[in-house]
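Our numbering puts the sequence shown at residues 127 to 488. Glycine included, C-beta positions come from ideal geometry on N, C-alpha and C.
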Amino acid sequence: MTYICSQKNKLNETIFIMLKFTRFTFIIFAVTLMNISHALGQGSAVEHMKTISEILEKSKDETFSYLKAITKGRSARKIENKRQNLLTQIRSEIGQIRGLGSYNGDNSLKEGCLVYLNIQKTILAEDYEKIINLEEIAEKSYDDLELYLNLQEKVNEKLQAASDSFDIVYKEFAAKYEITLIDGEVDKKSKRIKKMSETLDYYHEALLLQLKCAYQERKIVEALDKGDVNAAQQGLSVLTTIADENLVKLDALQPYEGDFSLIGATRKLINFFKREAEGDFTKMLDYHITKENFETVKKNFDAKSKSERDQEAIDEYNKAVNDMNAAVKTFNELINRVNKERANQNKAWEDVANEFNQNHSK
Numbered sequence: 127m128t129y130i131c132s133q134k135n136k137l138n139e140t141i142f143i144m145l146k147f148t149r150f151t152f153i154i155f156a157v158t159l160m161n162i163s164h165a166l167g168q169g170s171a172v173e174h175m176k177t178i179s180e181i182l183e184k185s186k187d188e189t190f191s192y193l194k195a196i197t198k199g200r201s202a203r204k205i206e207n208k209r210q211n212l213l214t215q216i217r218s219e220i221g222q223i224r225g226l227g228s229y230n231g232d233n234s235l236k237e238g239c240l241v242y243l244n245i246q247k248t249i250l251a252e253d254y255e256k257i258i259n260l261e262e263i264a265e266k267s268y269d270d271l272e273l274y275l276n277l278q279e280k281v282n283e284k285l286q287a288a289s290d291s292f293d294i295v296y297k298e299f300a301a302k303y304e305i306t307l308i309d310g311e312v313d314k315k316s317k318r319i320k321k322m323s324e325t326l327d328y329y330h331e332a333l334l335l336q337l338k339c340a341y342q343e344r345k346i347v348e349a350l351d352k353g354d355v356n357a358a359q360q361g362l363s364v365l366t367t368i369a370d371e372n373l374v375k376l377d378a379l380q381p382y383e384g385d386f387s388l389i390g391a392t393r394k395l396i397n398f399f400k401r402e403a404e405g406d407f408t409k410m411l412d413y414h415i416t417k418e419n420f421e422t423v424k425k426n427f428d429a430k431s432k433s434e435r436d437q438e439a440i441d442e443y444n445k446a447v448n449d450m451n452a453a454v455k456t457f458n459e460l461i462n463r464v465n466k467e468r469a470n471q472n473k474a475w476e477d478v479a480n481e482f483n484q485n486h487s488k
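This is how it looks when you write it as structure tokens:
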């Protein structure tokens with residue numbers, strides 16, 4: 127039936143929109159600034175550190191560009207060129223680091239940096255390829271989405287571990303040669319990269335709460351599309367439970383830097399799903415019950431010969447036809463209203479999410 131199919135297509139589009147921010151957040155080492163307290167020569171340990179830091183600085187530009195595209199909600203496939211640019215830059219940095227000499231025979235900082243860069247390269251070239259392939263699958267079910275995000279999390283943990291290891295090597299080298307590092311001071315771009323990643327992590331928490339409802343909503347629509355009343359009724363109960371549970375989880379979510387906007391928008395969207403389960407979808411079920419009754423009456427009526435169709439049978443059939451026509455009219459009006467409200471609700475959530483990511487990724 128065209129109205130059901132239209133609703134289903136709108137749901138698929140909605141889930142795709144919601145997923146567009148669910149992208150891989152790339153962690154990069156933020157080089158600590160140095161406080162040079164005395165003059166040192168060109169071949170000094172501090173110059174060795176500065177040279178390596180300057181080489182690593184170039185990949186920050188590519189990482190910043192990549193994350194900026196993510197916070198604008200662009201698909202991983204659509205920003206594939208940025209991943210390739212970042213990968214090219216990291217390969218270039220590996221070549222540059224390899225070409226460096228040691229400091230007085232000490233290769234520890236150089237080798238530590240190469241280990242770190244090679245892990246980045248492997249993750250970008252191999253692990254992230256798996257994430258891109260999972261992107262389309264993640265749109266099909268909530269379980270697939272969780273698998274997609276869990277893979278992202280594991281990859282980020284590997285990157286963080288590599289970054290932490292290099293940070294230790296970096297600080298040990300500085301301590302060995304009595305170079306003072308200023309703790310907590312990182313350059314502006316590194317701060318923004320870190321901020322973007324943290325913002326997306328928080329965004330994911332709110333996203334998952336409402337997407338779990340959206341996936342369950344889609345199951346109900348698919349059941350209605352098939353005319354499976356029992357499956358739809360069971361789905362309504364599940365959706366109500368999910369909505370209630372996720373509203374409780376949302377209440378426990380702290381505002382991000384005092385910003386309640388994403389929490390508020392997510393609450394409105396989840397409440398919309400709950401209203402659907404408790405009201406609109408129940409009315410849609412009434413249509414399907416009426417339709418089943420009409421088909422039964424029509425089948426029995428058609429099975430009778432003209433001589434067997436007495437006034438009672440004719441009246442029963444005419445009533446079923448009138449009930450069906452009224453149900454179709456009500457159902458189409460309901461579908462149009464629900465589709466419009468869903469579009470508005472999701473548009474409102476998306477607008478808040480866009481503004482949230484932009485405001486907190488500066």
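Please state the DSSP three-state secondary structure of residue i.
i: Thr158; result: Residue confidence for Thr158 is low, a pLDDT of 41 falling below 50, so the modelled location carries little weight and cannot support an answer.
i: Tyr242; result: helix
i: Leu307; result: strand
i: His164; result: At His164 the pLDDT is 36, less than 50, meaning the model places this residue with poor confidence; the figure from the coordinates comes in the next sentence. Coil.
i: Asp351; result: helix
i: Phe147; result: Since pLDDT at Phe147 reaches only 41, below the 50 mark, its modelled position is unreliable, and the value read off the structure follows with that caveat. In the structure shown, Phe147 sits in coil (DSSP, three-state: anything other than H, G, I, E or B).
i: Glu173; result: helix
i: Ile223; result: helix
i: Ile205; result: coil
By alpha-carbon positions, which one of the options ends up nearest to residue i?
i: Val172; options: Leu307, Ile263, Ser185; result: Leu307
i: Phe420; options: Leu395, Met450, Ile396; result: Met450
i: Gln246; options: Lys394, Glu180, Ile216; result: Ile216
i: Asn462; options: Asp428, Met410, Glu476; result: Met410
i: Asn483; options: Leu373, Tyr382, Gln286; result: Tyr382
i: Glu206; options: Ile257, Ala301, Ser433; result: Ile257
Check whether the Cβ atoms of residue i and residue j lie closer than 7 Å to each other.
i: Ser234; j: Phe299; result: yes
i: Ala340; j: Ala349; result: no
i: Leu213; j: Leu260; result: no
i: Ser487; j: Met322; result: yes
i: Ile346; j: Phe386; result: no
i: Trp475; j: Leu395; result: yes
i: Leu365; j: Ala403; result: yes
i: Ala369; j: Phe399; result: yes
i: Tyr254; j: Ala264; result: no
i: Asn211; j: Glu180; result: no
i: Ala453; j: Thr416; result: yes
If you follow the alpha helix (DSSP H) that residue i is part of, which residue opens it and which one closes it?
i: Lys445; result: 437–485
i: Lys302; result: 268–302
i: Tyr229; result: Run containing Tyr229: none; DSSP gives neither H nor E here.
i: Glu418; result: 407–429
i: Ile258; result: 254–263
Could you name the residues that DSSP lists as bridge partners for residue i?
i: Tyr382; result: Asp385
At a cut-off of 6 Å, is residue i close to the ligand MN when judged by its beta-carbon and the heavy atoms of the ligand?
i: Lys473; result: In terms of ligand content, the structure shown is empty, and the ligand MN therefore cannot be addressed.
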